[in-house]
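Trainee: Structure incoming, see below.
Protein chains: 2
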Amino acid sequence: MEKKVAHNPEGCSKHLLAIRDTMELLSGKWKIQIIGALLLNDKVRFMDLMRTVDGIGAKMLSKELQELEINQLITRTVCDTKPITVEYQITEYGKTLKSVIHEMELWGTKHRQRLFETVE
Amino acid sequence: MEKKVAHNPEGCSKHLLAIRDTMELLSGKWKIQIIGALLLNDKVRFMDLMRTVDGIGAKMLSKELQELEINQLITRTVCDTKPITVEYQITEYGKTLKSVIHEMELWGTKHRQRLFETVE
DNA sequence: GCTATTGATTTCCTTTTGGAAACCGGTTTC
DNA sequence: GAAACCGGTTTCCAAAAGGAAATCAATAGC
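Residue numbers (my numbering), protein chains in the order written: chain A, 1 to 120; chain S, 121 to 240.
And the structure:
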């Protein structure tokens, strides 16, 4: 009996690996939302993010920001102001995620519409 | 003192909500990989997926497939063959995720290249 | 001196996720 | 009848993710 498996080990896993890489950087409940906020605003303070990203707590926010900084998707700048403020800004590299996130936004919007249509 | 917060509650949260919606459907270690495999092959059996999606266990695979089916991204067809086989297939609706996943794949590929370049 | 604000960190806890192994039921092959 | 293949489910456990609240350090205003 011949094999009929068409699972193309090399080509297939290469695609899946890339997808996996992307997901790893963006996984979790908050990272994409933070990036999304930073894509819209450019230069946002910690407390602004607390208000923008609905429901996030201080611990999560600071942890996620650290990870994003390590991956060079954002920069962190401490400002020498009255009460110390910190500005987060998306990097040029971070901006390359724009297309990915935009597609997610488009799809999410249509999906939500579809859910409402189905109910009616 | 005037407010200098520029967090645009309505417009902003609408974008973030859509992103959140998409992420929710695709979150977890396996779902996108499964969809990716189904996008490449169209009609894949359970055991094929076990082999294609590297490292997944039976429990996870069947659980993830159930969730994808509930969300109408894939269909499940039981075939009346010698040892019973089950074919999973992506739906037309599931195919609309193609652009999202494709962007992820592109970005992941470039990101991996960038990592190697930086090391050199 | 007390309180508020900003940007965190730490502790403690609960929930979610994921994995390994056993088992099941049906069918085929030896 | 034993073993193997297919497509699961169940149990039991470990690890990861996430949240609430307390704390902290610096500074500003009252």
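Where a beta carbon is used, it is the ideal one built from N, C-alpha and C, also for glycine.
Let me check one thing: in DSSP terms, what residues is threonine 197/S bridge-paired to?
Mentor: Position 77 of the second sequence, counted from the first residue, corresponds to residue 197/S. Assignment of beta-bridge partners to threonine 197/S by DSSP yields Glu207/S.
Trainee: Hey, isoleucine 32/A and methionine 143/S: beta-carbon distance below 7 Å or not?
Mentor: Here residue 32/A refers to the residue found at position 32 of the first sequence. Here residue 143/S refers to the residue found at position 23 of the second sequence. Taking 7 Å as the Cβ cut-off, isoleucine 32/A and methionine 143/S qualify as a contacting pair.
Trainee: Identify, in the order they occur along the chain, each residue of the same chain with its Cβ nearer than 6 Å to the Cβ of alanine 178/S, setting aside the five sequence neighbours on each side.
Mentor: Residue 178/S sits at position 58 when you count from the first residue of the second sequence. Nothing listed; no residue qualifies.
Trainee: The alpha helix (DSSP H) that contains glycine 156/S, what's its start and end?
Mentor: Locating residue 156/S in the second sequence gives position 36, counting from the first residue. Start and end: 151 to 161.
Trainee: Using the three-state DSSP reduction, which class does valine 53/A fall into: helix, strand or coil?
Mentor: The residue you call residue 53/A lines up with position 53 of the first sequence. DSSP places valine 53/A in coil when its eight states are reduced to three.
Trainee: Under 9 Å Cβ-Cβ, which residues of chain S neighbour alanine 58/A?
Mentor: Your numbering for residue 58/A matches position 58 in the first sequence. Chain S residues near alanine 58/A: none, gap ~17 Å exceeds 9 Å.
Trainee: In its own chain, which residues sit with a C-beta less than 8 Å from the C-beta of proline 203/S, not counting the 5 before and 5 after it?
Mentor: As a working note, residue 203/S is residue 83 in the second sequence. Correct list: empty, nothing qualifies.
Trainee: What's the gap between the Cα of glycine 156/S and the Cα of valine 78/A?
Mentor: Taking the first residue of the second sequence as 1, we reach residue 156/S at position 36. Taking the first residue of the first sequence as 1, we reach residue 78/A at position 78. Looking at the backbone, the Cα of glycine 156/S and that of valine 78/A are separated by about 41 Å.
Trainee: Could you pull out every residue in the same chain whose Cβ sits closer than 8 Å to the Cβ of asparagine 71/A, ignoring the five residues on either side in sequence?
Mentor: What you label residue 71/A is simply residue 71 of the first sequence in a count that begins at 1. Cβ within range, chain order: Leu25.
Trainee: Per DSSP, which one or two residues make a beta bridge with valine 164/S?
Mentor: Taking the second sequence and counting its residues from 1, one reaches residue 164/S at position 44. According to DSSP, valine 164/S bridges with Tyr208/S.
Trainee: Between tyrosine 88/A and methionine 60/A, what straight-line distance do the alpha-carbon atoms span, to the nearest angstrom?
Mentor: Translated into positions along the first sequence, residue 88/A becomes position 88. Translated into positions along the first sequence, residue 60/A becomes position 60. Whole-angstrom Cα-Cα distance: 15 Å.
Trainee: Since glutamate 105/A meets chain S, which of its residues come closer than 8 Å, beta carbon to beta carbon?
Mentor: Locating residue 105/A in the first sequence gives position 105, where the first residue counts as 1. The contacting residues are His135, Ala138, Ile139, Thr142.
Trainee: What residue range does the alpha helix (DSSP H) around glutamine 192/S cover?
Mentor: The residue labelled residue 192/S in the question sits at position 72 within the second sequence. Counting along the chain, glutamine 192/S falls outside any alpha helix (DSSP H), and DSSP gives it neither H nor E.
Trainee: Mind checking if valine 100/A is an interface residue toward chain S, Cβ cutoff 7 Å exclusive?
Mentor: Your numbering for residue 100/A matches position 100 in the first sequence. Yes, valine 100/A counts as interfacial toward chain S.
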